[in-house]
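For reference, the structure is listed below as structure tokens.
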Amino acid sequence: MIEVQTHNDGGNIDVNGTCLQGYLNDTQGQQLVEKFGEPLLGYPTDKVEFEWNLYIESSSGYVPVTIYSWKNYGEKSFDQIRVWNVGGKNKQVLDLLRQVGLRPSESPSFW
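63 is the number of the first residue of the sequence shown in our numbering; add one for each residue after it.
Here it is as structure tokens:
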């Protein structure tokens with residue numbers, strides 16, 4: 063089983079240098095809570111209102127991954143968001159998320 067560390071584990075997860083790599087479509091926030099714990103919370107006026115910071119184990123070490131709402135601005139509640147952005151330093155993060163049971167895509171379902 064692949065090890066996943068989250069911001070909820072108490073350690074600092076350095077996500078500097080990550081950027082958009084893909085999306086989690088048709089995914090409820092509660093599914094992510096069950097898998098990774100509670101998200102970090104921003105404000106409804108922030109570009110990122112809900113976010114998970116992760117390290118996922120790979121053959122080359124731990125890889126930083128972010129899952130986040132983007133420019134929701136409080137328009138949808140946490141329970142209404144169905145498309146989440148996935149950030150990382152390269153597309154490898156999509157494969158890593160597949161290995162932990164999620165189904166990321168390179169394009170959002172609303173386009």
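Yeah, the Cβ is synthetic: ideal placement off N, Cα and C, and Gly gets one too.
All of these numbers come straight from a predicted model, not from anything done at the bench.
State yes or no: is the C-beta of ILE75 within less than 8 Å of the C-beta of TYR117?
-> Against a cut-off of 8 Å, the Cβ pair of TYR117 and ILE75 comes out as a contact.
Excluding five sequence neighbours on each side, which residues of the same chain lie with their C-beta closer than 6 Å to the C-beta of LYS153?
-> The beta carbon of LYS153 sits closer than 6 Å to the beta carbons of GLN83 from its chain, once the five residues preceding and following it are set aside; these are given in chain order.
Alpha carbon to alpha carbon, how far is ASP141 from SER122?
-> Whole-angstrom Cα-Cα distance: 35 Å.
So which of GLY73, GLY79, THR89, TYR105 has the shortest CA-CA distance to LEU159?
-> Closest by alpha carbon: THR89.
Below 8 Å between beta carbons: does that hold for THR80 and GLY150?
-> Contact: yes.
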